[in-house]
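S.K.: Here it is: the structure, laid out below.
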């Protein structure tokens with residue numbers, strides 16, 4: 106008990122002794138955990154929504170439908186579907202359900218819909234998942250497919266005009282039995298029907314355009330049809346072997362307009378994923394980029410702190426601490442910070458995630474994904490603790506290995522010497538000379554800064570390019586899903602930029618702390634505060650500039666990798682603007698810490714080094 | 021100067037008086053400059069009387085018979101004395117007690133301010149230190165004399181530090197009621 | 143009478159306020175003539191380092207005046223002070239304060255580069271200075287490969303880089319053994335003979351004794367001044383108990 110108290114007290118002391126560094130460490134790990142949370146949420150959403158929806162909604166293996174002959178107007182025969190349900194391979198089925206083509210009016214907008222008549226009780230096959238409100242209650246309420254509802258701005262509880270009658274929207278739901286709006290497959294007759302390339306206009310039945318999907322009571326479906334003969338029918342079939350769905354459909358290719366149309370689930374799956382593939386790639390790539398950035402920022406900070414710890418380890422050992430106690434104190438310190446950071450990151454990530462999930466749910470046609478799953482919480486906490494353990498492990502091992510005296514004498518991490526860089530810098534103006542030498546002391550940190558900026562700028566450039574392409578597509582073909590994809594892109598871009606900003610500030614502080622001694626000497630030798638501040642700032646701006654240049658070259662490559670379609674390269678002046686923007690932003694972020702550091706009194710630092 | 025020093029210098033081999041003097045000059049460096057030229061001969065004569073050294077005059081034919089031409093050598097008794105001296109642990113001791121009592125007496129009788137005595141003494145020691153230090157700086161590294169000078173410098177430094185302690189102590193005593 | 147290089151009047155530096163007010167330097171008047179070597183001695187905490195920092199423009203006085211090379215410098219902006227440190231003052235510290243990642247010659251040329259000299263001129267001057275302090279052979283070595291005395295000689299060479307009118311040394315032998323101290327003292331003596339003005343703060347009596355003038359400092363104020371120049375007594379022998 107006394108031992109635990111001692112460990113806790115020592116850990117707490119050290120954190121309080123350098124509150125700025127502790128806060129910075131907390132900030133960096135929090136940024137990392139927040140990003141990781143977002144990344145995991147995105148990954149969860151983008152993972153495989155169709156499969157999840159299919160499992161959750163008892164999705165059909167084959168969707169079978171019959172519709173009236175569009176040319177002759179002969180009515181559809183549901184007995185064809187009933188007969189099909191009796192086939193040997195069928196394990197379960199639901200339907201046939203009547204389908205009526207009609208229109209819905211809401212907020213001054215009119216859209217064609219196919220209204221599927223369903224009983225109130227759940228069917229064996231295809232149980233749409235209600236994301237908002239409730240399922241059909243046997244009354245006059247209707248349920249609207251999520252993507253369609255989103256496009257028209259319909260929410261549960263709204264009143265819409267369906268086929269001229271006012272009805273209440275009981276709920277919003279998703280299904281695996283049909284591609285989400287506006288790519289829905291047609292259960293009723295839809296345009297465009299072409300013969301020899303010419304659209305056929307004179308149909309015997311009403312023709313719908315890009316219909317949405319609405320579930321209504323069975324009797325309402327019948328009454329929505331102008332004539333009972335106009336009704337189409339749909340059945341949902343489950344096979345003994347889901348993998349046989351394609352073969353089942355292939356064996357029953359319709360011979361005439363009155364035969365059942367069969368759509369096996371792989372076909373729907375392909376439709377869904379074909380449309381959403383870009384969105385998935387955007388989300389997954391975004392998650393990866395954010396992950397890399399998070400690791401970079403933690404590496405900079407923990408690396409800097411570990412050097413500091415070596416001396417502290419020596420002190421602890423000198424006053425009689427065993428290697429075990431030393432490790433425990435270091436671990437306690439990091440675990441404390443890591444747990445707080447994990448909690449803060451989960452909260453921040455959880456608050457930000459709906460910006461992605463809310464959009465992604467409709468976008469991907471999947472069920473609404475909870476922002477934070479237990480797995481996400483566990484992973485984020487584990488990673489934060491992992492950082493703590495790694496940050497403890499290296500100094501602890503060193504503590505066990507090095508002698509107490511060596512640890513005490515080992516001041517900070519000795520700076521690196523890059524000879525040619527020092528020689529080169531002698532020819533440069535004073536501020537640049539200082540910058541190059543400051544940067545040259547820590548090549549690994551510079552590499553991390555460059556990498557971090559390359560990742561960020563690649564992401565930004567790719568997002569810009571994607572956005573430009575989206576806008577071009579939207580101009581010619583307004584599609585609500587594309588707009589939502591744009592929103593997701595924006596969230597990723599903002600997160601990237603925010604994290605890069607945190608990285609820059611962390612790296613600047615780490616540098617400022619690292620060079621406070623040589624800064625003091627440089628000033629004693631006659632560098633002005635302005636020269637030193639400019640030097641410290643430039644030491645961050647130079648790698649950022651390099652990273653930005655690399656990133657603007659890498660961005661289009663990244664975009665190319667994400668989007669296999671023709672790459673529309675962003676105009677050159679964009680890339681220039683991004684590079685200039687990065688330089689300006691990094692200058693602005695570093696100027697405050699650099700100026701503070703450059704104005705710090707010199708004398709105490711030069712004296713303090715004597716101790 | 022200790023007679024034993026001269027005896028010990030003869031232990032290696034019989035020498036002329038001038039050789040002994042040269043050896044002393046080399047070992048002492050600037051410190052030896054103050055040494056009277058005749059001092060070695062005075063000591064040698066005394067040692068001879070005590071039966072610790074014998075002299076051997078050169079062949080009479082060439083002798084102008086000056087003291088310089090004599091060769092001095094250790095007797096058995098002299099050898100013994102040298103061996104004895106080398107094992108002795110005597111150490112020159114500065115008389116700090118005298119100075120300390122001077123301060124106490126001056127303060128008690130109100131004859132003089134102990135602080136000004138300390139101050140005067142300090143200046144004197146600083147002057148000596150300056151001399152020794154300058155002499156040390158002029159010596160080439162590793163010479164015998166440099167080592168001696170370093171010893172002198174370090175002792176003077178120690179004395180100066182003690183004077184500082186005296187000054188502090190007497191300052192507090194004066195300010196105390 | 144030679145010209146006065148440095149002069150302070152009522153120089154005061156305080157820290158804190160009220161009960162906890164500390165007078166690190168308390169009304170110091172100091173005049174240093176060109177070519178003079180002045181040692182300021184006192185126990186640690188007496189304010190001698192603060193005095194040096196004030197004079198060299200590393201710190202600002204609370205009150206009082208500082209005149210350096212005929213110019214009042216206590217009111218200068220930080221920027222002008224930096225220029226002053228660059229051109230008029232050279233610092234030598236107890237802890238050497240060499241940059242470990244720079245070679246010896248790169249350390250020595252640094253002040254010249256900061257002053258905007260051409261790389262070629264800076265290197266030439268540094269090489270010349272290293273020759274002067276006897277370390278020409280170590281030009282390409284890193285400071286960590288040198289002994290303490292050698293490092294301090296490098297630091298002295300660096301202090302001379304821009305030909306300062308005043309060299310300020312803060313416990314220059316504090317980290318050195320006896321032999322290395324002698325080395326540095328010899329170097330200071332050479333500078334002295336070359337006409338360099340030197341102010342050294344120390345608690346090492348050996349340095350103090352070799353100065354032209356020795357000032358004792360207690361609690362931020364000068365308490366005593368001793369002029370040590372003048373003929374030697376020629377009685378070194380007395381020191382070794384050779385007489386009597």
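Protein chains in written order, with my numbering: chain A, 106 to 716; chain B, 21 to 197; chain C, 143 to 386.
We treat Cβ as the ideally placed atom computed from N, Cα and C, and that holds for glycine.
Suppose the cutoff is 7 Å on Cβ atoms and the five residues either side in sequence are ignored; what does the same chain contact list for residue 551 of chain A look like?
M.R.: For the purposes of this step, residue 551 of chain A is taken as the residue at position 446 of the first chain. Hits under 7 Å: 544 and 648.
S.K.: What whole-angstrom Cβ distance do residue 646 of chain A and residue 695 of chain A have, given they're in contact under 8 Å?
M.R.: Residue numbering aside, residue 646 of chain A sits at position 541 when the first chain is read from its first letter. Residue numbering aside, residue 695 of chain A sits at position 590 when the first chain is read from its first letter. Correct: roughly 7 Å between the Cβ atoms.
S.K.: Who pairs with residue 223 of chain A in a beta bridge, going by DSSP?
M.R.: Here residue 223 of chain A refers to the residue found at position 118 of the first chain. According to DSSP, which records beta bridges pairwise, residue 223 of chain A is partnered with nothing at all.
S.K.: Who are the near neighbours of residue 182 of chain C in its chain, counting only those whose CB is closer than 6 Å to its CB and skipping five residues on each side?
M.R.: Taking the third chain and counting its residues from 1, the one referred to as residue 182 of chain C is at position 40. If we look at residue 182 of chain C and ignore the five residues flanking it on each side, its Cβ neighbours are 190, 343, 357 and 359.
S.K.: What residues in the segment 189–214 of chain C bring their beta carbon closer than 7 Å to a beta carbon of chain A?
M.R.: Of all residues in the segment 189–214 of chain C, 191, 195, 200 and 201 have a Cβ within less than 7 Å of some Cβ in chain A.
S.K.: Please classify residue 335 of chain A: is it buried, with 16 or more other beta-carbons within 10 angstroms of its beta-carbon, or exposed?
M.R.: Against the first chain, residue 335 of chain A aligns to sequence position 230. Under this definition residue 335 of chain A is a buried residue.
S.K.: So, helix, strand or coil for residue 238 of chain C, using DSSP?
M.R.: Within the third chain, numbered from 1, the residue matching residue 238 of chain C stands at position 96. Residue state, collapsed to three classes: coil.
S.K.: Over the uninterrupted beta strand (DSSP E) stretch that includes residue 320 of chain A, give me the two end residues.
M.R.: Looking up residue 320 of chain A in the first chain gives position 215. Note, residue 320 of chain A: beta strand (DSSP E), 317–321.
S.K.: Given this structure, state the Cα-to-Cα distance separating residue 114 of chain B from residue 240 of chain C, to the nearest angstrom.
M.R.: Taking the second chain and counting its residues from 1, the one referred to as residue 114 of chain B is at position 94. Taking the third chain and counting its residues from 1, the one referred to as residue 240 of chain C is at position 98. Approximately 42 Å between the Cα atoms of the pair.
S.K.: Identify the continuous beta strand (DSSP E) that holds residue 150 of chain C and give its terminal residues.
M.R.: Start at 1 with the first residue of the third chain, and residue 150 of chain C comes out as number 8. Where residue 150 of chain C is concerned, the enclosing beta strand (DSSP E) stretches over 146–157.
S.K.: Should residue 219 of chain A go down as buried or exposed, given a rule of 16 or more other Cβ atoms within 10 Å for buried?
M.R.: Here residue 219 of chain A refers to the residue found at position 114 when the first chain is read from its first residue. So residue 219 of chain A counts as buried.
S.K.: Pick from A:566, A:126 and A:612: whose alpha carbon is nearest that of residue 677 of chain A?
M.R.: The residue labelled residue 677 of chain A in the question sits at position 572 within the first chain. Here the closest residue by C-alpha is A:566.
S.K.: Could you check the C-alpha separation between residue 523 of chain A and residue 546 of chain A for me, to the nearest Å?
M.R.: Position 418 of the first chain, counting from 1, holds the residue named residue 523 of chain A. Position 441 of the first chain, counting from 1, holds the residue named residue 546 of chain A. Whole-angstrom Cα-Cα distance: 7 Å.
S.K.: Determine, for residue 289 of chain C, whether the minimum Cβ-Cβ distance to residues of chain B falls below 9 Å.
M.R.: As a first step, residue 289 of chain C must be located in the third chain, where it is residue number 147. So, not an interface residue.
S.K.: Identify the residues that DSSP records as bridge partners of residue 339 of chain A: which are they?
M.R.: Residue numbering aside, residue 339 of chain A sits at position 234 when the first chain is read from its first letter. The partner list for residue 339 of chain A (beta bridge, DSSP) reads A:170 and A:202.
S.K.: Please identify, using Cβ separations under 8 Å, the residues of the segment 145–165 of chain B that lie next to chain C, in order along the chain.
M.R.: Going along the segment 145–165 of chain B in chain order, one finds 146, 147, 148, 149, 150, 151, 152, 153, 154, 155, 156, 157 and 161 with a Cβ nearer than 8 Å to chain C.
S.K.: According to the neighbour-count rule (16 or more other Cβ atoms, all chains shown, within 10 Å of its Cβ), is residue 120 of chain B buried or exposed?
M.R.: Residue 120 of chain B sits at position 100 when you count from the first residue of the second chain. Exposed.
S.K.: Taking only runs that begin and end inside the segment 154–239 of chain C, name each unbroken alpha helix (DSSP H) of 4 or more residues, in chain order.
M.R.: Entirely contained in the segment 154–239 of chain C, the alpha helix (DSSP H) runs reaching 4 residues are, in chain order, 190–197 and 220–229.
S.K.: What residues from chain C crowd round residue 707 of chain A, counting only those whose CB sits closer than 7 Å?
M.R.: Start at 1 with the first residue of the first chain, and residue 707 of chain A comes out as number 602. Under the 7 Å cutoff, chain C gives 200.
S.K.: In or out: residue 111 of chain B buried (at least 16 other Cβ within 10 Å) or exposed?
M.R.: For the purposes of this step, residue 111 of chain B is identified with residue 91 of the second chain, where counting begins at 1. Exposed, by the Cβ-count rule.
S.K.: Which word fits residue 280 of chain C, buried or exposed, when buried means at least 16 other C-beta atoms lie within 10 angstroms of its C-beta?
M.R.: Position 138 of the third chain, counted from the first residue, corresponds to residue 280 of chain C. Classification of residue 280 of chain C: buried, given that the 10 Å Cβ count is 16 or more.
S.K.: Classify residue 100 of chain B: buried if its beta carbon has 16 or more other beta carbons within 10 angstroms, exposed otherwise.
M.R.: Taking the second chain and counting its residues from 1, one reaches residue 100 of chain B at position 80. Counting Cβ neighbours within 10 Å, residue 100 of chain B comes out exposed, since fewer than 16 surround it.
S.K.: For the alpha helix (DSSP H) that contains residue 137 of chain B, what are its first and last residues?
M.R.: Numbered from its first residue, the second chain carries residue 137 of chain B at position 117. Where residue 137 of chain B is concerned, the enclosing alpha helix (DSSP H) stretches over 134–158.
S.K.: Relative to the C-alpha of residue 146 of chain B, which candidate in C:264, C:198 and C:351 has its C-alpha closest?
M.R.: Here residue 146 of chain B is taken as the residue at index 126 of the second chain, counted from 1. Nearest C-alpha to residue 146 of chain B: C:351.
S.K.: Might you give, ordered along the chain, the residues of its own chain that have their beta carbon closer than 8 Å to the beta carbon of residue 489 of chain A, omitting 5 neighbours on each side?
M.R.: As a position in the first chain, residue 489 of chain A is number 384, starting the count at 1. Within the same chain, residue 489 of chain A has close Cβ partners 134, 137, 138, 443, 444, 446, 447 and 450.
S.K.: For the segment 134–153 of chain B against the segment 177–197 of chain B, are there 3 or more C-beta pairs whose distance is under 8 Å?
M.R.: At 8 Å Cβ cutoff, the stretches touch.
S.K.: Is residue 325 of chain A helix, strand or coil when you go by DSSP?
M.R.: The residue given as residue 325 of chain A occupies position 220 in the first chain. Three-state DSSP puts residue 325 of chain A in a helix.
S.K.: Taking C-beta pairs closer than 7 Å, name the residues in chain C that residue 29 of chain B reaches, listed in chain order.
M.R.: The sequence position of residue 29 of chain B within the second chain is 9, counting from 1. Neighbours of residue 29 of chain B on chain C: none; closest Cβ ~14 Å, over 7 Å.
S.K.: To the nearest angstrom, how far is the alpha carbon of residue 558 of chain A from that of residue 605 of chain A?
M.R.: Here residue 558 of chain A is taken as the residue at index 453 of the first chain, counted from 1. Here residue 605 of chain A is taken as the residue at index 500 of the first chain, counted from 1. Taking the straight line from one Cα to the other gives about 7 Å.
S.K.: Determine whether the beta carbon atoms of residue 317 of chain A and residue 256 of chain A lie at a separation below 9 Å.
M.R.: Counted from its first residue, the first chain places residue 317 of chain A at position 212. Counted from its first residue, the first chain places residue 256 of chain A at position 151. Going by C-beta atoms, residue 317 of chain A is nearer than 9 Å to residue 256 of chain A.
S.K.: Determine whether the Cβ of residue 23 of chain B lies closer than 9 Å to any Cβ atom of chain C.
M.R.: Numbered from 1 along the second chain, position 3 holds the residue referred to as residue 23 of chain B. Judged by the 9 Å Cβ criterion, residue 23 of chain B is not in contact with chain C.
S.K.: So the candidates are A:706, A:269, A:394 and A:457; which of them puts its Cα closest to the Cα of residue 220 of chain C?
M.R.: Taking the first residue of the third chain as 1, we reach residue 220 of chain C at position 78. Comparing Cα-Cα distances from residue 220 of chain C to each of A:706, A:269, A:394 and A:457, the minimum goes to A:706.
S.K.: Whose CA, out of A:157, A:119 and A:259, lies closest to the CA of residue 280 of chain A?
M.R.: Mapped onto the first chain, residue 280 of chain A falls at position 175. Taking only the C-alpha atoms, the option nearest residue 280 of chain A is A:157.
S.K.: In the DSSP assignment, find the alpha helix (DSSP H) that holds residue 427 of chain A and state where it starts and stops.
M.R.: As a first step, residue 427 of chain A is located in the first chain; it is residue number 322 there, counting from the start. Neither: residue 427 of chain A is in no alpha helix (DSSP H) and is coded neither H nor E.
S.K.: DSSP three-state call for residue 455 of chain A: helix, strand or coil?
M.R.: Numbered from its first residue, the first chain carries residue 455 of chain A at position 350. Residue 455 of chain A falls in the helix class under three-state DSSP.
S.K.: Find the residues of chain A that neighbour residue 244 of chain C, judging by a C-beta separation of less than 7 Å, and give them in chain order.
M.R.: The residue given as residue 244 of chain C occupies position 102 in the third chain. Neighbours of residue 244 of chain C on chain A, chain order: 527.
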